[in-house]
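In my numbering, the protein residues as written are 67 to 177.
Just so you know, even glycine gets a beta-carbon here, dropped at the ideal spot from N, CA and C.
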């Protein structure tokens with residue numbers, strides 16, 4: 067049985083974004099800078115989580131993303147790791163390219 071986590075438990079999922087120089091990340095064909103996004107389950111109780119959703123605005127990438135890693139379902143609603151479980155300290159990462167960066171914020175997780 068899953069349990070929905072509410073703040074402050076959402077703080078256990080760390081979402082970091084880092085903009086790189088143009089084409090710093092491998093296999094990015096566009097001239098836009100890449101943005102590395104890392105999503106980490108930092109639960110101090112080593113609790114696995116699933117169904118990690120991110121508020122992502124009008125997220126878009128000019129480079130192809132692995133949709134099993136990060137998928138925009140609708141405006142302001144993105145799903146991480148196909149909703150599958152993230153073990154404690156597991157990191158899911160991807161690189162997107164766009165002329166702008168997006169404010170990505172974890173909005174929902176189940177444990």
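Taking Cβ to Cβ, would you say residue 146 is nearer than 7 Å to residue 158? Counting from one through the chain shown, the residue named residue 146 turns up at place 80. Counting from one through the chain shown, the residue named residue 158 turns up at place 92. Taking 7 Å as the cut-off, the Cβ atoms of residue 146 and residue 158 count as close.
N- and C-terminal bounds of the beta strand (DSSP E) containing residue 147: Locating residue 147 in the chain shown gives position 81, counting from the first residue. Premise fails: residue 147 is in no beta strand (DSSP E) and is neither H nor E.
Can you have a look at residue 107 and say buried or exposed, based on whether 16 or more other CB atoms are within 10 angstroms of its CB? Taking the first residue of the chain shown as 1, we reach residue 107 at position 41. The residue is buried, with at least 16 neighbouring Cβ atoms inside 10 Å.
Hey, residue 142 and residue 129: beta-carbon distance below 7 Å or not? On the chain shown, position 76 is the one that residue 142 refers to. On the chain shown, position 63 is the one that residue 129 refers to. Not a contact, by the Cβ cut-off of 7 Å.
Just the C-alpha distance for residue 174 and residue 151, rounded to the nearest angstrom, thanks. Indexing the chain shown from 1 puts residue 174 at position 108. Indexing the chain shown from 1 puts residue 151 at position 85. Each residue's alpha carbon lies about 13 Å from the other.
Please classify residue 111 as buried or exposed, where buried requires at least 16 neighbouring CB atoms within 10 angstroms. As a working note, residue 111 is residue 45 in the chain shown. Residue 111 sits exposed, since fewer than 16 C-beta atoms from the chains shown fall within 10 Å of its C-beta.
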